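All residue numbers for the sequence shown refer to our numbering, where the first residue is 8 and numbers rise by one.
Don't be surprised by glycine CBs; every beta carbon is placed ideally from N, CA and C.
Computed from a predicted structure; not experimentally measured.
Heads up: the structure comes next, in structure tokens.
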Amino acid sequence: MFSQTFFQHRYAAHGSFNMNKFWERFFFVFAYLTQGSSYMSPRAYAIMHRMHHAYTDTEKDPHSPSFSSNIFKMMWRTKNIYSGIVKGTYPVEERFIKNLPEWPLFDKWANSIVSKGLWVTLYLAFFIVFATSPWLYLLLPIVILMGAFHGALINWFAHKYGYINFKLKNTSHNLVFVDLLMLGESYHNNHHKHPSSINFGTRWHEIDPVYPIILFLKWLRIIRVAKLQVVPVTL
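This is the structure in structure tokens:
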């Protein structure tokens, strides 16, 4: 979750902060090691997410509940668009491909069937060794597809349920009042209002666990925040 929201989302898609090439490559590898079979190409993720913001709730939105009859159809469409971007077969507007983190050889390996197969084998071995009940194997598909599972939760439910801080021309909602489980990603309405903000929370109770980590990495000079965005905190 941290890799997704920090590297693919806030850095690659929105450019909320900058880092040098060494640290960019470091977080490429870190994302691969922490996401495993759910690894997403930062380049492809960024393109698809930029499309989501540009085309929210329209037919061109890569993942919109408004144009999918159920959550499974929405995620299958998302998967096909993502695969098309990775393979270069999906047409992408030039405005979505600026300032993207790219490491083609690494992405080719990380998205390969061999790589994903090795991760699945590792997960299965872990369950075989440590599972104390056959029922625990029901969690195995979620572990394997954690990236898609997270994407489904946010992109489906956060456009249908929750509460709204900002009246926007889209269906984005804040899914929960305090989001520790998904590290601030559930504050989806806030994010659509301030997409490049390094802090996804805007109200006093909307704790974004990644925000202080970003400030710490800024203090260590691992990342650079061009201008510290100050989003007004509301009661």
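Between the alpha carbons of residue 240 and residue 161, how many angstroms are there, rounded? With a pLDDT of only 49 at residue 240, under the threshold of 50, the placement of this residue in the model should not be trusted, and no figure is reported.
Out of 97, 18, 165, 73, which one is the CA nearest neighbour of residue 106? 18
Out of 11, 197, 199, which has the shortest C-alpha to C-alpha gap to residue 41? Ranked by Cα distance from residue 41, the options 11, 197, 199 are led by 11.
Residue 177 to residue 62 span [Cα, whole Å]: 10 Å
Looking at chain B, is there any beta carbon in it that lies within less than 7 Å of the beta carbon of residue 134? Looking at the structure shown, chain B is missing, and only one protein chain is on hand.
Which runs of the alpha helix (DSSP H), 4 residues or longer, sit entirely within the stretch 172 to 235? 195 to 200, 217 to 226
Euclidean distance between Cα positions of residue 218 and residue 140: Between residue 218 and residue 140, the C-alpha separation is close to 38 Å.
Cβ-Cβ separation, residue 164 to residue 196 (assumed contact under 8 Å), whole Å: Their Cβ separation, rounded to whole angstroms, is 12 Å, which puts residue 196 and residue 164 out of contact at 8 Å.
Thinking residue 166 and residue 72 are a contact (beta carbons under 8 Å), I'd like their distance in whole angstroms, please. 5 Å between Cβ atoms; contact.
If you compare alpha carbons, which of 225, 230, 183, 201 is closest to residue 214? 183
Nearest-angstrom Cα distance between residue 52 and residue 103? 11 Å
Identify every run of the alpha helix (DSSP H) within the stretch 15 to 80, keeping only runs that are complete inside it and at least 4 residues long; order them along the chain. Runs found: 28 to 42, 49 to 61.
May I have the straight-line CA-CA distance separating residue 157 from residue 201, to the nearest angstrom? 21 Å
Residues near residue 126 by beta carbon distance below 6 Å, same chain, minus five either side: 43, 44
Leaving out five residues on either side along the sequence, give the residues of the same chain with a beta carbon under 6 Å from the beta carbon of residue 175. 199
Any idea what DSSP makes of residue 89, helix, strand or coil? helix
Helix, strand or coil for residue 130 per DSSP? helix
Once the 5 residues before and after residue 233 are set aside, which same chain residues still bring their CB inside 8 Å of it? 24, 25
For residue 170, which residues does DSSP report across the bridge? BP columns for residue 170 point to 181.
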